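Keeping their order, the protein sequence lines are chains W and R. The first sequence maps to residues 35 to 308 in the numbering used here. The second sequence maps to residues 101 to 394 in the numbering used here. All residues carry an ideal CB built from backbone N, CA and C; glycine is no exception. Fair warning: this is a prediction, and the values are worked out from it, not measured in the lab. Okay, structure first, notes after.
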Amino acid sequence: MLNWLKRPASETQITHGQRLWLYVFATVVMLLLVTPTLIVIPMSFSDSQYLEFPPETWSLRWYKSYFNSPEWMNATFTSLKAAFLTMLVATPVGVIAAYGLHTSRVAWVRLAFMLLITPMMVPVVLVAIGAFYVFVKLNLLYSLTGLVLAHSILALPLVLIVTGSALKSYDMNQELAARSLGAARWKAFVTITLPQIRFAVVTAALLAFLTSFDEVVIAMFISGGDNPTLTRNMFNALRDQIDPTIAAISTIMIGVTTLMMILAQIFGRGSGGK
Amino acid sequence: MVALDSNREGLRRDGRLERLRLFGLSSPALLMVLVVLVIPVGWLFYVSFVGADGQFSLENYERMIKRKSYARIFVTTFQVSLLTTGLCIMIGYPLAYFLSQLPNRLANLLMITVLLPFWTSLLVRTYAWLVLLQKKGLVNDWAISLGLWDEPVKIVHNMTGTLIGMVHIMLPFLILPVYNAMKAIDKDYLKAASNLGASPHRAFWTVFFPLSTPGLFAGSLMVFVLCLGFFVTPAVLGGGKVIMVSMKIVSNIELFVNWGAASALGVVLLVITMVILWVASRFVNLAAMTGGGH
């Protein structure tokens, strides 16, 4: 141990001992990053009204209250439906846009790209009130279609960036070869290009799903009526009081996120990591 | 010769058509962004210049200048954004440095501690802090049993709680680009520096740190811009005491149904964001910033 402290730690010959503070600091920060979220999990199994840690008596009380509530169940299904449909809309639309912008060399490509990533730059509150206004006119307010549309434009920049960067490292000559052998352009794309960027496409799809599933502000404005999302209801519940049911829902949401991360790890491997 | 020319002309026309058709592949995406974002924001822009009487007027903007409450909201917004960015740099930079020095396998493993919160719902994380920081929460309990303070302290529903939550949520946005920039630094430069007699300290500050600044700049910018428009965390953890621009926009619509006032605030927020991004884009590659996050 003492030897290790005196050993050089980097190219600059600084020893491990001299930067012990960095190791301690980094460990504390990493703990602080992870624990606040994870601590909700055991708390959600507490029997008490005042989420205690560690729980004195364990129970599934808050899970029961969640699963037995028609409102929460309805909101959960709305969120899952919206997220799934957002994934189905944003992924193909984003992938073909990324492909089009990558291959077309017209002068407006840069402008189009900038326009397509603006949903990432514009404060989400503005997107929300803007969408609220249009959807009132289009009669899409409180509809699943409207929700999916609005969430899709939030997800588009992510899909565009993830698949765009995969296309950049892909050798377009392969597609050229396929076409010179007689394949139509779309066929060359589907059979040659798509399989090679599939990891990026899968990652993009999962990001699109999560973007919609976790979105709060837009949902606050344009979801409601028969179709409120889970996040909208959670946010409203948070403003009123600390309902322990939210801890149970949070745990389930952490589960969904972790599942997505694992899926991204399994299917996104080979895309050069994150 | 003539045949050759017309052939070349034809090829060129075909090429142009092909490029246009390929560009057309982006039209569904463009159409969606146009309908759901560009047109509505354009309309908000228009509404912000319409007064209560339905005529063109600057009253919505004048109100912002005249009323003290609006000035306070802008000050709070910048305060929160600057403090969050500063704290993120102070906490995130050393962590990114620590991770960048580790062997790849270990670094990737520990990176999960950054990515897990990054992927976890913002609402869930905000809720977690609300539970931890409340009067009867874990932080107060532990601090009292450790003897740090005697009575439960109010650490949530105020600025402190807001900052704790914001920093926690924004940290990954800073760490990821900084880490990527640090990973790209050629270690031979540091060897050369020490070989020439620089102390570890000097080698770090004159060689390593400057080379990591593009990542640091991109990350800080990202955090700052995201903070400016933030809503959920200050709304929940601020307890009505920390009012940011986006919250005022929401209350203008939800409570007062005043689209003019909300739109004008939105336009100002958007312009500030865009100006910052535009100025920054002259110094840093924004594509790298957006691409670095994932």
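| Asked | Found |
| --- | --- |
| Determine the chain C residues that contact residue 129(R) at a beta-carbon separation under 7 Å, and present them in chain order. | Among the protein chains of the structure shown, namely W and R, there is no chain C. |
| Compare the beta carbon distance of residue 165(W) and residue 198(R) with 7 Å and say whether it is the shorter of the two. | no |
| Distance check for residue 286(R) and residue 188(R), CA to CA, integer angstroms please. | 25 Å |
| What three-state label does DSSP hand residue 92(W) in the structure shown? | strand |
| Rounded to the nearest angstrom, how far is the Cβ of residue 64(W) from that of residue 184(R), given a contact under 8 Å? | Actually they are not in contact, since the Cβ atoms of residue 64(W) and residue 184(R) sit about 19 Å apart, beyond 8 Å. |
| Determine which residues share a DSSP beta bridge with residue 258(W) and list them. | 261(W) |
| On the premise that residue 224(W) lies in contact with residue 125(W), defined as a C-beta separation below 8 Å, what is that separation, rounded to the nearest angstrom? | The Cβ separation is near 15 Å, so there is no contact. |
| Answer yes or no: does any C-beta atom of chain R fall closer than 7 Å to that of residue 248(W)? | yes |
| Would you mind sorting residue 173(W) into buried or exposed? The rule is 16 or more other CB atoms within 10 Å of its CB. | exposed |
| Going along chain W in order, which residues have a C-beta closer than 8 Å to the C-beta of residue 228(R)? | 70, 71, 73, 74 and 284 |
| CB-CB under 6 Å to residue 244(W), same chain, minus the five flanking residues each way: which ones, in chain order? | 294 |
| With a 10 Å radius around its C-beta and 16 neighbouring C-beta atoms as the bar for buried, classify residue 45(W) as buried or exposed. | buried |
| By Cβ distance below 7 Å, which residues in the same chain neighbour residue 112(R) in space, the five residues on each side in sequence not counted? | none |
| Using 8 Å as the threshold, is the stretch 326-343 of chain R in touch with the stretch 361-377 of chain R, meaning 3 or more CB pairs across them? | yes |
| Would residue 220(W) be called buried (16 or more neighbouring beta carbons within 10 Å of its own) or exposed? | exposed |
| By how many angstroms is the C-alpha of residue 274(R) removed from the C-alpha of residue 289(W)? | 25 Å |
| Which residue wins for smallest C-alpha separation from residue 135(R), given the options 257(W), 84(W), 162(W) and 298(W)? | 162(W) |
| Skipping 5 residues on each side, what residues in its chain have a beta carbon closer than 8 Å to that of residue 86(W)? | 77 and 80 |
| State the DSSP-derived secondary structure class of residue 294(R), mapped to helix, strand or coil. | helix |
| Roughly how many angstroms lie between the CA atoms of residue 308(W) and residue 360(R), to the nearest whole one? | For residue 308(W), the predicted structure reports a pLDDT of 38, less than 50, and the residue's modelled location is therefore unreliable. A value from the coordinates is still provided. Answer to the nearest angstrom: the Cα atoms are 42 Å apart. |
| Is it right to say residue 261(W) is buried, meaning 16 or more other beta carbons lie within 10 angstroms of its own, or is it exposed? | buried |
| Contact defined as beta carbons within less than 8 Å: I believe residue 175(R) pairs with residue 266(R). What is the distance between those atoms, to the nearest angstrom? | Actually they do not touch by this definition, with Cβ atoms about 16 Å apart. |
| Check this for me: beta carbons of residue 336(R) and residue 220(R), under 7 Å apart or not? | no |
| Under 8 Å, CB to CB, which of the residues in the stretch 210-243 of chain W have a partner in chain R? | 237 and 241 |
| Tell me which residue opens and which closes the alpha helix (DSSP H) that residue 136(W) is part of. | 104-137 |
| Could you tell me whether the Cβ of residue 44(W) comes closer than 7 Å to any Cβ of chain R? | yes |
| Just checking: is the beta-carbon of residue 306(R) within a distance shorter than 7 Å of some beta-carbon in chain W? | no |
| Leaving out five residues before and five after residue 272(W) in sequence, what residues of the same chain have Cβ atoms less than 8 Å from its Cβ? | 280 |
| Go through its chain and collect everything with a Cβ distance to residue 95(W)'s Cβ below 7 Å, but skip five positions before and after it. | 81 |
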